[in-house]
Every structure is written in structure tokens, then in C-alpha cells.
Amino acid sequence: PTRFSVYLLAALVKTRCDYLLFEAPILLEKENRMPVLLDAIREARNRGAKTVFNLQGSHSWQRLSVLPRDLASMSDIIIGNETEVSAFERHVALPAFSQQILITTKGRKGAELKATNENIHINALTPSRMVSSIGAGDQFLAGFLQGRIQGLSLTNSMEMGSDAACCILETAAGRRNAVI
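Numbering (the numbering used here) for the sequence shown: 53 to 232.
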């Protein structure tokens, strides 16, 4: 086993989590991580965690033909911007199963959520001053998941995500009090 697999599986065994977040760059960086990651996702789901697949930075899945279907079938939530979601959907139809949530962030055009019986669009909030968009997608996801953990509806969780993303737009380098 790789050091990555030992750390990942050890973290799952020792903790209880509501959500397991995994990101595309981890998958695309080293192919030998994929089987271990898939095992970790299965283990997290067996322990009752929701799995969140962040498509961040992924624009091509051509060399990973089987993996997109595997990931889609095991992801409770898939999130990405329009380009990332479009690239992923060339390999698998989303949502992949009835309870799956697909979130597409659209910058100034807001965000869209597709679920079995719901399609939700929220408008982007306008920051008091625009500094940088670095980290806005991650911040949106953090706000959305915080809303879900608090038991908020999908719409209210999307609004919480939009609010969180707006806050980060007003800061440098995607973090408050950053020195550049």
C-alpha cells in the first residue's frame, strides 16, 4: 500500500464524518491512488457518510474511461463549474442515481442544483467590492455543506453557499487577512 492509502484508510477508521470530500486533482495526479480511493469511498458510504466529488480543475477524463462511472455511482453530491461538469458528463449521464445531487456553479450567473425531483437555481450575490475569485467554488461548497449539516433545505443550503462564496470574493487570495 502507498503512504496515501494508509493515511486515507486510517483517517476513515478513526473518525466519524458526515461527508467525505474527494477532488479530481487527487485522482488525476497518480493513477495508483484510484483503487484505494474507491475503497475509501465505499468504506465511508458503509459508515453512513455522504460522499462529495469536487470536479475542481478537471477538464479531461479521456484516459480514465471506467473511473467516471464508478465515481458517479458512488457520489452523493457532484459539484463543479460549467466546464468541469460538461467534461465529466461526456462520460456519464448525471445524476447517476435517484438520490444524487449535481451542483453546477456558474460564476456571476449563480449556481444550479439538479436532484431527482428538484431543479434549483440561485442568483449570485454581488460583493461590496470584488477582489479575487480564488477559492469561491470551494467556499460555495463549504457553505452548502454547512447548510446541509445544519439540516437546512437544499434551497437554503444553496443560498448559504452563495453567501459564503460572495464573502471570499471580497478577500485577497481566497482567505481573509491575506498578505500578497
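C-beta: ideal position from N, C-alpha, C; glycine also. Just so you know, these numbers come straight off a predicted model, no measurement behind them.
The beta carbons of Leu-90 and Asp-122 sit about 6 angstroms from each other, so the pair counts as a contact at 8 angstroms. Between Met-126 and Thr-157, the C-beta spacing is not below 9 angstroms. The C-alpha of Ser-214 lies about 14 angstroms from the C-alpha of Asn-133. Val-183 sits in coil when the DSSP states are folded into three classes, being neither helix nor strand.
In the three-state reduction of the DSSP assignment, Ala-163 falls in the strand class, which pools E and B. Here Asn-171 has Glu-164 and Leu-165 as same chain residues with Cβ atoms under 8 angstroms from its own Cβ, once five neighbours each way along the sequence are excluded. Residues of the same chain with a CB within less than 6 angstroms of the CB of Leu-193, apart from the 5 flanking positions on each side, are Ile-131 in chain order. Note on geometry: alpha-carbon atoms of Asn-106 and Leu-197 lie some 12 angstroms from one another. Exposed is the label assigned to Arg-181, since fewer than 16 other Cβ atoms lie within 10 Å of its Cβ.
Burial check for Gly-195: the Cβ neighbour count within 10 Å reaches 16 or more, so the residue is buried. The beta carbon of Thr-207 sits closer than 7 angstroms to those of Ile-172, all from its chain and outside the five residues before and after it, given in chain order. Runs of alpha helix (DSSP H) with 4 or more residues, each lying fully within the region 97-160, are found at 119-126 and 134-141, listed in chain order.
Within its own chain, the residues whose Cβ lies closer than 6 angstroms to the Cβ of Arg-200, once the five positions on either side in sequence are excluded, are Ser-209, listed in chain order.
If you look at Asn-208, you'll find it in the alpha helix (DSSP H) that goes 206-221.
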